[in-house]
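Working notes, beginning with the structure itself.
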Amino acid sequence: MISQKLIRKRKRKRLKEGKNILDSSSSDGCNATRNRGPCLGAPDRLERVTALARVKSTGCMMVQGRVVGVLANWKIDTGAKSTFLTKETYELVVDKPVLQPVDINYVTANGQRLECLGKASMTLIFGDKSFKHEIIVGGVNSNLIGEDFITIYRCVWDHNESCLVIQGSRIPLEASDRKMSSRRVIALETILVPVGHEAVIKSGLTNRTGITGKDSFVGILQKSLF
1 MISQKLIRKR KRKRLKEGKN ILDSSSSDGC NATRNRGPCL GAPDRLERVT ALARVKSTGC
61 MMVQGRVVGV LANWKIDTGA KSTFLTKETY ELVVDKPVLQ PVDINYVTAN GQRLECLGKA
121 SMTLIFGDKS FKHEIIVGGV NSNLIGEDFI TIYRCVWDHN ESCLVIQGSR IPLEASDRKM
181 SSRRVIALET ILVPVGHEAV IKSGLTNRTG ITGKDSFVGI LQKSLF
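Take the sequence shown: its letter number 50 is residue 50 in UniProt numbering, and every next letter is one higher.
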């Protein structure tokens, strides 16, 4: 049986090694939380590829709105760089806008490329607010409100009332599971993510008392844009 003294010694060694890695990364300019410039080992010119990040869960944030007159449900996906419309929803539009070629290769979190039909500027209506926004058509199974829309219109998720606030207009949650609530995701391990990269890590969901029970999820960690 290994003695407690030996166990403590091994723990101190692992902690020391972890600190050395952090110090070395910071000095090399690869610490993603501090350095926003180029990182050694990363390509000088990254291809224009973005990803749709997912966190495995039993529910999602979803609101209802109209796109070019068609009523549709929309998932709020902060991991999607752009706003997407399914091919099926696009086919319901009577006066279809002409689609332009998409100049970005979109991929999913597992690396599969999305087969997009094109993009076009469309009118989105949520509550009493109307927005003209560029939308990517095809390649997804659900209509997605992405990071571009959320950032431009300063969308805020109200955790207490389970609604999306867009320029003062409150859009209620639309989901089959009304007991579902929105919670923060906490990273359960420490990892350095170089600029232009992403990593799969263990994560947990929070409630008012802290991290939830023993269940953990796998999520995609991307370098912050801000």
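Idealized CB from N, CA, C, for every residue including glycine.
Host beta strand (DSSP E) of residue i (start-end)
i, result
"K96", "Careful: K96 lies outside any beta strand (DSSP E) and carries neither H nor E."
"T123", "G118 to F126"
"T108", "N105 to T108"
"D77", "D77 -> no beta strand (DSSP E), and no H or E assigned at all."
"R113", "Run containing R113: none; DSSP gives neither H nor E here."
"G65", "M62 to V67"
"I191", "It is not in any beta strand (DSSP E) - I191 carries neither H nor E in the DSSP assignment."
Cβ neighbours of residue i in the same chain (closer than 6 Å, five flanking residues each side left out)
i, result
"I145", "W74, I76 and T83"
"V63", "W74, L164, I171 and E174"
"V93", "V68 and V70"
"F131", "L124"
"G127", "S169 and I171"
Contact set for residue i: own chain, Cβ-Cβ below 8 Å, skip 5 residues either direction
i, result
"N143", "V67, A72, N73, W74, K75, F84, L85, T86 and T89"
"R113", "N105, Y106 and V107"
"A51", "Because A51 sits at a pLDDT of 42, beneath the cut-off of 50, its placement in the model cannot be relied upon, and the point is left open."
"L99", "L117, G118, K119, A120 and V137"
"R8", "none"
"Y153", "F131, I166 and Q167"
Own chain residues within Cβ distance below 7 Å of residue i, not counting five before or after
i, result
"L6", "none"
"M122", "V67, V68, P97, H133 and I135"
"K129", "I166, Q167 and S169"
"residue 245", "Absent from the structure is residue 245, since the part of the chain shown begins at 1 and ends at 226."
"I125", "G65 and R66"
"V156", "V165"
Neighbour-count burial assignment, residue i, 16 or more Cβ in a 10 Å radius
i, result
"K202", "exposed"
"M166", "Note on identity: in this sequence residue 166 is Ile, with Met being the wrong assignment. Its Cβ being crowded by 16 or more others within 10 Å, I166 is buried."
"K81", "buried"
"G111", "exposed"
"I150", "buried"
"L188", "exposed"
"V140", "buried"
"E147", "buried"
"R10", "exposed"
Is the region 130-141 close to the region 106-119, with three or more CB pairs under 8 Å?
-> yes
Quick one: which unbroken alpha helix (DSSP H) runs of 4-plus residues sit fully inside the region 128-170? Chain order, please.
-> 147-152
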